[in-house]
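Notes to accompany the following structure.
Numbering (the UniProt record's numbering), first residue to last: 1 to 82.
Written out as structure tokens, the structure reads:
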């Protein structure tokens, strides 16, 4: 099983490189180079995030906007009620 922390370290390592070397970073952090490449290019995402996003009723941006709206109402003394 791939450790998410190792992938994040490898992604940070790639960001510090002028020309990303996926194979070297993958060997260094003992992860699959294709997984690393796809994550670095934004084509794939962590399994937990992909699963949770597919089962969500609101997109992440919508949820953040709703939370901000609720917080704004609460700050004005108008908290929403169920």
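Glycine included, each C-beta is placed from N, C-alpha and C at the ideal position. Please read all numbers here as calculations on a predicted model, not as lab measurements.
Rounded to whole angstroms, residue 73 and residue 52 show a C-alpha spacing of 28 Å.
Proximity of the segment 34 to 49 to the segment 9 to 26 meets the contact definition, three or more beta-carbon pairs being nearer than 8 Å.
Collapsing the DSSP output to three states places residue 31 in coil.
Around the beta carbon of residue 14, a 10 Å sphere encloses 16 or more other beta carbons of the protein chains shown; the residue is thus reported as buried. Residue 6 and residue 45 have their C-alpha atoms some 14 Å from each other.
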